[in-house]
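Residue numbers (this note's numbering): 7 to 239. Below you'll find the structure, written out as C-alpha cells, and then a few comments.
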Amino acid sequence: MDQTVNLWPLLGIAAVIIGFLLRGNPLLVVCCAGVVTGAAAGLDPLAILAKVGNGFMKTRSLSAALLLALLAVGLAERHGLRERAYRWIQDIGDATAGGLLIVYLLARQLTAALGLSAQGGHPQVVRPILVPMAEGAWEKLHGKLSDVQRTRLRAMCAATDNIGLFFGENLFVAFSAVILMHAFMRENGHALDPLYLALWGIPTAMFAFLIHAGRLAWHEYRLSRALQAEEKE
7 MDQTVNLWPL LGIAAVIIGF LLRGNPLLVV CCAGVVTGAA AGLDPLAILA KVGNGFMKTR
67 SLSAALLLAL LAVGLAERHG LRERAYRWIQ DIGDATAGGL LIVYLLARQL TAALGLSAQG
127 GHPQVVRPIL VPMAEGAWEK LHGKLSDVQR TRLRAMCAAT DNIGLFFGEN LFVAFSAVIL
187 MHAFMRENGH ALDPLYLALW GIPTAMFAFL IHAGRLAWHE YRLSRALQAE EKE
C-alpha cells in the first residue's frame, strides 16, 4: 500500500508567513492560506468553499461569545479600568515593566497548561489591563514614553500573551493540537498516549519562557539606555 505523504498542503504555512511579513490583513491572510492549502491538497474550488462553510457553521456561536466579552471589557474601560490599572501598578514600589511581563508570561503558560486558555487574551486582558500596567511601571521609573517606545512596549505585551498561550496550551492533554498529533501518530502505527505527547512539550515551554523572559529583560535595558542617552544630550 502506497503511504506517500503529500507535503504540498504545507504551502499554506508559507502563505501565512509571507502574508504576515507583508503586514496583510490577518483575516484575508488566513483565508488565502486556506485556499492555498486546499488547492495544494487537490481539492476543487467548491470543495474548499464547502470546508470553509462547514467550519463557519460549527463555530457560528463563537462570534456571539466574543461580542459579549468585548461589550463587558468596553463597559469596564468606560468606567476607568485602564486608569485604575495604571495607578495601581505605580503604587508597587519596585515593579518594573519587564518584571511584570515575565510574571504574566509565567501565569499565562501555567493557566494555558491547565486548559484555562480564556483566562488571558488581547481584548480582555492585554489591552485594558496589561498594557496600562506595563506603561505605568515604566513611566514611574523612567518618565514618559515616546510614541515609538510606547508602540514597542505594547508589542511586547501582545507578544508575551501570544507566546505564553501558544507554548502553554500544548501541555494540556485535551488541547486540539495534542489530540491531532495523537490521531496522526496512531494512524501511522505509533500508539502514543496524549499525556506522553503533552509531557514532551514541557522542555519546549521552558525554553520558550527563558528565551522570551530574556527578550523582555533586554528590551527594558535597551529602552532605559536609550532614555539615558537622550537625557545626556
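Where is the CB? At the ideal position from N, CA and C, for every residue including glycine. Source: prediction; values computed, not measured.
Inset, instruction - Just the C-alpha distance for W144 and L229, rounded to the nearest angstrom, thanks. - result: Cα to Cα, the separation comes out at about 10 angstroms.
Inset, instruction - Report the three-state DSSP secondary structure of N168 (helix, strand or coil). - result: Assigned with DSSP and collapsed to three states, N168 falls in helix.
Legend entry - Run of the alpha helix (DSSP H) containing F26, from where it starts to where it stops: F26 -> alpha helix (DSSP H) spans L17 to L27.
Inset, instruction - For the alpha helix (DSSP H) holding R114, just list the boundary residues, first then last. - result: A103 to A119 is the extent of the alpha helix (DSSP H) around R114.
Inset, instruction - Could you have a look at H85 and say whether DSSP puts it in helix, strand or coil? - result: Taken through DSSP and simplified to helix, strand or coil, H85 comes out as coil.
Legend entry - Local Cβ density within 10 Å of A39, reported as buried at 16 or more and exposed below that: Answer is buried; the Cβ neighbour count reaches 16.
Legend entry - CB contact flag (A46, G18, <9 angstroms): In contact: A46 and G18 (Cβ atoms closer than 9 angstroms).
Inset, instruction - To the nearest angstrom, report how far apart A232 and G126 are at their CA atoms. - result: Between the alpha carbons of A232 and G126 lies a distance of about 31 angstroms.
Inset, instruction - Would you give the residue range spanned by the alpha helix (DSSP H) that L248 belongs to? - result: Nothing about residue 248 can be reported from this structure: the residues present for the chain run from 7 to 239 only.
Inset, instruction - In the DSSP assignment, find the alpha helix (DSSP H) that holds K150 and state where it starts and stops. - result: In this chain, K150 is not harboured by any alpha helix (DSSP H), its DSSP state being neither H nor E.
Inset, instruction - Compare the Cα-Cα distances from P200 to each of T210, R192 and H188 and report the closest residue. - result: Looking at the Cα atoms, H188 is the closest of the given residues.
Inset, instruction - Would you kindly work out how many angstroms separate the C-alpha atoms of T117 and G174, rounded to a whole number? - result: Rounded to the nearest whole angstrom, the C-alpha separation of T117 and G174 is 8 angstroms.
Legend entry - Which of helix, strand or coil DSSP assigns to N60: Shown here, N60 sits in a helix according to DSSP, grouped into three states.
Legend entry - First and last residue of the uninterrupted alpha helix (DSSP H) at G195: Careful: G195 lies outside any alpha helix (DSSP H) and carries neither H nor E.
Inset, instruction - Compare the C-alpha of A164 against each of V137, R221, Y92 and P51 and name the closest. - result: Closest by alpha carbon: V137.
Inset, instruction - For V179, name the three-state secondary structure that DSSP assigns. - result: Assigned with DSSP and collapsed to three states, V179 falls in coil, not helix or strand.
Legend entry - Residues near R160 in its chain [Cβ-Cβ closer than 7 angstroms; skip 5 each side]: Here the set comprises V137.
Inset, instruction - Assign L13 to one of three DSSP states: helix, strand, or coil. - result: Of the three classes helix, strand and coil, the one that applies to L13 here is coil, per DSSP.
Legend entry - Buried/exposed call for M7, threshold 16 Cβ in 10 Å: Reliability of the predicted coordinates at M7 is poor, the pLDDT of 46 falling under 50, and no value is obtained from them.
Inset, instruction - Please list, in chain order, all residues of the same chain as H225 whose beta carbon is under 6 angstroms from its beta carbon, the five residues on each side excluded. - result: The beta carbon of H225 sits closer than 6 angstroms to the beta carbons of M162 from its chain, once the five residues preceding and following it are set aside; these are given in chain order.
Inset, instruction - Pick helix, strand or coil for I217, following the three-state DSSP scheme. - result: DSSP places I217 in helix when its eight states are reduced to three.
Legend entry - Element boundaries [alpha helix (DSSP H), containing V36]: Counting along the chain, the alpha helix (DSSP H) containing V36 begins and ends at P32 to A46.
Inset, instruction - Find out if the Cβ-Cβ distance for the pair L120, F213 is shorter than 9 angstroms. - result: With respect to F213, L120 sits apart: the two C-beta atoms are not nearer than 9 angstroms.
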